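Here is the structure we will look at.
Residue numbers (this note's numbering), protein chains in the order written: chain R, 972 to 1641; chain B, 38 to 538.
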């Protein structure tokens, strides 16, 4: 099959699967299996299509649907950038659906008809969003994605806070979509088409005639994508909404939807906006917004005790890294092609890495919840002893997100820091942003040490009713798969960087980016970064890891030769032994001075209650002051006239005489 | 092929109008189950005939099929050329209206057979079904008549017929509140009808030939044209419950819910906007000021209504208020059409279909809700989704359709109206942004209502839900699907509805 046929059939399959799972929802196991098989096949097809787009040539389909009144047609198109997002969507979709089969047992009370069909439609909409080059259909699929994810967020109907979170989520993102819709329509009316290429023409024209309007439109787009991506302050809804969904869905959200904010901003600012001083301006804005999110999101994560909420705040922080990189890249587009390309590549690479370790962390947290029944990290600990595989993958993911060398997070963060600092030669601001980002990277590590330490390491601390064994294989496999990818891209980053580089060059003007080899060298094992005099560096994970392994082996041999012994002793505190429960270090005690310093960095602003001025209500009730009084007045007038018709002949005679007299007077007076 | 379908469509028009009227006559004499069946059969016949006629229109899009029936010699005047008064005709605009009227009419009749029963907790009633169906089918016939009328005068006759049906159907339960509401609706819409008649009189006096034809406004001098337009607009305001006439519609919610659905969401109130669509579609040279009047009044109505939302606890009244604002949307689309935006005008026409399906679905969902729980106060309901999942699904589909969340029909129509506003620019763009703001407020409010009622733990009113209603459920499913697919049907039609400029 051709690439586009694969993509289309995958979408059809997902929709059919959604209908099937809806029909099968009574039988919980069959429903999950059907969903998994559907997603697996669809993902394989999508992967093949994306691979074709990456390695052969961008693929473009035929017209599937035409709306003549709006002069637009639905055509699926996959270029390098789309392909990257399709690949991560496929992987995340398979992992989360497989994971959900057993995980959803903790929602025994709820019908699955509100889970799997929506999850499949959600994946279908994500795939569609990244494979259209028509802004109308982009918005349609975008909002459909919001719709499906909203239903998943409010899945747990018995928790009022989940519903509030869902409501806030949908309203916030709906407003964001309306912002983008306005911007799109303003461009559309100038060219009469929603195609990306046509909107580019419209924006080029507008830049000459009314540059202020272009800034407004770009602002609307940025607000729209920032809201979805969770960039603060627009992503305020996110810490409540993502944890509210079942973990399979939360992991799918962070792995796919959250990243589409990055996709959108890249598309709009490269495909719509001609390379100009505006790109620079908005690049700086995006970098600043990203840094704010990095700072506030990650610092706030430190203060959380709910595992999924902690991870969601990190999602905000990590998306901030992507925005920082992309902002730097866009700002430098006109100045330094190599640095700009590397920065954009770094942002995109961080997207991919995030789509690996962030869903993995959610799956870890969900596994802990599945086993212990709680997400409060104070109430469970030491799970490594009963769930070793989950714990190991959690360690891998935590170290990856913290940017420990040897794992994938390090490479992308390193590239982000490098490009920001080198970009600082042109714009000193970026050096400052890079310093903030590096500092927060350490905070991330601290935060994940807390996550790991509380939940997985230390002494086993769970209720007596909890089963003491690993989560089922169908929940372990997705974690292992994602963990392996984290390690793979950490050890051999070039595997990922080459296609990503091609994708980045694809969205930039032809011939703009230097060849891959001239920036990163041609070695398959090491990344030799060369930014033209300003900055050079190299990272060869394999070499470093071999050296590390050698050191470890050496240390092991030394300890063997010295005959060192390990011994286990009971918990000891201030001269006496305590029961474990009394001395357990609670979550909120971690990094206390630090948290006090930043206690109010993420203020919770209560929604104002709407005043209901009853005076206006009375004014609007036309019945009460116009119609009914008017009717009564009419009635009174008629009553008054009725008095003259008393039924007495003499009275009528009198009226005749009076009338005649009046007539005579009037006639003579005239 | 097209010739063949045109012939058959021509032959279908007369039976199409006659079928529901015959059914209405029959139903007067029937009772209980028999009347259910007979009414459903006649509604189905009407639907089939209508679909046949619409098929004829699809076979030859862009043309008008006309069946002349008779003249009134006394209207001949001095020239002796009596105008055609009775004629049936069907074009793309008629087809769109006809489709909505007959499909929703059929569904509502079927739905009523289960709704009007002793098991209904809110209004346990199974009597007077014959009378109910008689008025319902008469109304269906009148609406079909409005849709396929070939001129303004005949449209006016059916127009007034719907007013009478509305009075009878609102007062169906014959308690104090419903009698008052029916009377109020009758008075207010009749006042609007008088203005419609005034417009006809002016037309008749000003034009020598074909004074009631749909293109008559284009042949008038500009001053008279404005006058006639304003008279017709006032008629439409009263029928479509726009400011300052909107107060009858919330009161009319005393009617049985299927009636509210059909008359006050899908059909009768749409007659008002249908009239304006006819005028805008057929007339040339409407002035900017007329568009301004239509548009600003509609925007005003929309924002008055949005404010009134926040005070309502009665679910049906909220739907009624929302209907008012959506009719305002369509009138805004007409205004933007007068200003020259074909996109907005087509969007408004699409909104007739989209809102008819969405709001009809919402009304029927609320009807089912009250059938089971006996209350329509938002504050007394919660957790209904646990008990009636299908109902919850239907309600949310309705909410998303009406508020315009893709991929449901309402998105496309609202999007086109808003795009049209931006095409005009200036004031048009301002109106579009105001519409977006209204849309967002309504969206937030409806989403909140949906969550409040259907999610959460069941309330006492919800806990006593029992029984099953397969027919009502099936109707909700069909309408939900329509909410998704109706643009596929409507897009080809609206492209062939010309915009007079």
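Cβ coordinates follow ideal geometry from the N, Cα and C atoms, glycine included. These numbers come from a predicted model, not from an experiment.
Proximal residues of chain R, C-beta to C-beta of residue i below 8 Å
i: residue 485(B); result: 1138
i: residue 492(B); result: 1125, 1128, 1134
i: residue 380(B); result: 1040, 1041
i: residue 344(B); result: 1587, 1588, 1591
i: residue 477(B); result: 1142, 1145, 1146, 1149
i: residue 437(B); result: 1118
i: residue 488(B); result: 1125, 1134, 1137, 1138
Short Cβ contact (8 Å threshold) for residue i with residue j
i: residue 1104(R); j: residue 1048(R); result: yes
i: residue 1141(R); j: residue 1218(R); result: no
i: residue 1265(R); j: residue 1407(R); result: yes
i: residue 1107(R); j: residue 1237(R); result: no
i: residue 479(B); j: residue 440(B); result: yes
i: residue 98(B); j: residue 535(B); result: no
i: residue 266(B); j: residue 323(B); result: yes
i: residue 1235(R); j: residue 1367(R); result: no
i: residue 334(B); j: residue 279(B); result: yes
Three-way DSSP call (helix, strand, coil) for residue i in this model
i: residue 212(B); result: coil
i: residue 1356(R); result: helix
i: residue 953(R); result: Residue 953(R) lies beyond the stretch modelled for chain R, which goes from 972 to 1641, so this question has no answer here.
i: residue 186(B); result: strand
i: residue 1309(R); result: helix
i: residue 105(B); result: strand
i: residue 1302(R); result: helix
i: residue 1242(R); result: helix
i: residue 153(B); result: coil
i: residue 243(B); result: helix
i: residue 122(B); result: strand
i: residue 1433(R); result: coil
i: residue 1031(R); result: strand
i: residue 158(B); result: coil
i: residue 1349(R); result: coil
i: residue 1119(R); result: helix
Partners in chain B for residue i, counting only beta-carbon separations shorter than 7 Å
i: residue 1156(R); result: 455, 456, 459
i: residue 1114(R); result: 442, 443
i: residue 1088(R); result: In chain order: nothing, as chain B lies at least about 11 Å away.
Cross-chain neighbours of residue i in chain R, by beta carbon under 7 Å
i: residue 339(B); result: Those do not exist, as residue 339(B) stays about 13 Å from chain R at its closest Cβ, beyond 7 Å.
i: residue 281(B); result: 1593
i: residue 481(B); result: 1142
i: residue 422(B); result: 1128
Listed by chain order, chain B residues near residue i by CB distance under 8 Å
i: residue 1057(R); result: Result: empty, since nearest Cβ-Cβ is about 21 Å, beyond 8 Å.
i: residue 1111(R); result: 443, 444, 448
i: residue 1082(R); result: 426
i: residue 968(R); result: With chain R covering 972 to 1641 only, the question about residue 968(R) has no answer from this structure.
i: residue 1323(R); result: In chain order: nothing, as chain B lies at least about 28 Å away.
i: residue 1598(R); result: 284
Uninterrupted alpha helix (DSSP H) stretches inside the stretch 1437–1507 of chain R (no shorter than 4 residues): 1444–1462, 1464–1478, 1487–1491
Taking beta-carbon pairs under 8 Å, can you tell me which members of the stretch 1142–1156 of chain R lie near chain B? 1142, 1145, 1146, 1149, 1152, 1153, 1156
Taking only beta carbons into account, state which residues of the stretch 1474–1489 of chain R come closer than 7 Å to chain B, listed in chain order. none
Interface residues of the stretch 1338–1372 of chain R facing chain B [CB-CB below 8 Å]: none
Listed from N- to C-terminal order along the chain, which residues in the stretch 514–536 of chain B have their beta-carbon within a distance smaller than 8 Å of any beta-carbon of chain R? 528, 531, 532
Short-range partners of chain R found in the stretch 352–386 of chain B, where Cβ spacing is below 7 Å: 380, 383
Quick one, which residues of the stretch 283–306 of chain B are near chain R if we go by CB-CB under 7 Å, in chain order? 284
Taking a cut of 9 Å between CB atoms, which residues from the stretch 129–149 of chain B lie near chain R? none
Start-end ranges of the alpha helix (DSSP H) lying completely within the stretch 361–420 of chain B, minimum 4 residues: 379–410
Listed in chain order, which residues of the stretch 1087–1106 of chain R have Cβ atoms closer than 8 Å to some Cβ of chain B? none
Output, in sequence order along the chain, the residues in the stretch 1156–1187 of chain R whose CB is closer than 8 Å to any CB in chain B. 1156, 1157, 1159, 1160
To test your reading of the DSSP string, which unbroken beta strand (DSSP E) runs of 3 or more residues are found completely within the stretch 1555–1602 of chain R? none
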